[in-house]
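In this note's numbering, the protein residues as written are 311 to 579.
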Amino acid sequence: MIRTIYSIIKSRELFWQFLTRNVKSRHRGSVLGGLWLILNPLLMLGLYVFAFGVVFGGRFTESPDETTLDFALGVFLGLNVLGLIQAIIGSAPTIIVSQPNFVKKVVFPLEILPAATMGALAYDLLIGFGLCLLGVVTLGPGLSISAIYTPLIIGPVFLIALGLAWFLSALGVFIRDIGQIGSFLGLALLYSSGVFYSAERAKASAPAIWNFLQWNPFLQIIDSLRQVILWGGQPDWFSLVYAWIFGFVILFSGAWFFHRLRPAFADVL
Numbered sequence: 311m312i313r314t315i316y317s318i319i320k321s322r323e324l325f326w327q328f329l330t331r332n333v334k335s336r337h338r339g340s341v342l343g344g345l346w347l348i349l350n351p352l353l354m355l356g357l358y359v360f361a362f363g364v365v366f367g368g369r370f371t372e373s374p375d376e377t378t379l380d381f382a383l384g385v386f387l388g389l390n391v392l393g394l395i396q397a398i399i400g401s402a403p404t405i406i407v408s409q410p411n412f413v414k415k416v417v418f419p420l421e422i423l424p425a426a427t428m429g430a431l432a433y434d435l436l437i438g439f440g441l442c443l444l445g446v447v448t449l450g451p452g453l454s455i456s457a458i459y460t461p462l463i464i465g466p467v468f469l470i471a472l473g474l475a476w477f478l479s480a481l482g483v484f485i486r487d488i489g490q491i492g493s494f495l496g497l498a499l500l501y502s503s504g505v506f507y508s509a510e511r512a513k514a515s516a517p518a519i520w521n522f523l524q525w526n527p528f529l530q531i532i533d534s535l536r537q538v539i540l541w542g543g544q545p546d547w548f549s550l551v552y553a554w555i556f557g558f559v560i561l562f563s564g565a566w567f568f569h570r571l572r573p574a575f576a577d578v579l
């Protein structure tokens, strides 16, 4: 597993070439091109502000200081985090299968392909996050000093995404229909990760279900992001440590799984 991760570092120039190609190819041929990287999140942010902030008027807390706009921005934060994971689940199973020519090249570092795909998808997440922070500053309550914890909170998401990309891309070579359950897994994550509710409310209203939900790292990550970005509070440090441990476990497990199955890729393809 260390060899898989080291290969990315060793071949970092090739990694950046594939990452750049993946980012550019996603909007190649469209009229607005790369502008969609900014327009898509802006349109989605506007939609969520209208739907959840104006129409539904949802709330994360009982505090009178929370506005409907705060709720919309909180939902957008959560959807940005889950958007990366959902995109990995949907695309990773076909990464190796769709490029058999690279598999037949003995010296080509195949682990770069899933990593570059994850990097391109993470690029969208970072842009969406930047726009969300801009919305908090210009339309919402503004940022407090607690926002400096944001990179520390979101870091495990990238570890989990990369580990899943390696795991699912390797598994997809042998089980071609694994992508069919991607939609279900995406919805399951959406409703179990606290995108539309806070961890505090879930714990109070459904304690039995909370016994399971509390182990979902995305719920803890999303809730902590809202705490530091919207409310100016502190993250749950115990949950944050758990999220980092979970992230490294998924990263190293995915790297190990990819390394073990890689020798058989050529035989299957």
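No residue lacks a Cβ here, since even glycine has one placed at the ideal position from N, Cα and C.
| Check | Outcome |
| --- | --- |
| For L523, the nearest candidate out of I319, A498, W547 and Q396 (CA to CA) | A498 |
| Endpoints, alpha helix (DSSP H) assigned at K513 | A509 to S515 |
| Cα-Cα separation, L462 to A553 | 10 Å |
| DSSP state of D546 mapped onto helix, strand, coil | coil |
| Secondary structure of V417, DSSP reduced to three states | coil |
| Through-space distance from S479 to F567, alpha-carbon basis | 10 Å |
| For A475 and L535, the rounded distance between their alpha carbons | 24 Å |
| Spatially closest choice to D434 from L349, I422, S515 and A518, by CA coordinates | L349 |
| Length of the line joining the Cα atoms of P451 and L540 | 7 Å |
| Neighbourhood of S317 by C-beta distance below 7 Å, restricted to the same chain and skipping five residues each side | P419 and E421 |
| Given 8 Å, three or more beta-carbon pairs between the segment 393-409 and the segment 494-510 | yes |
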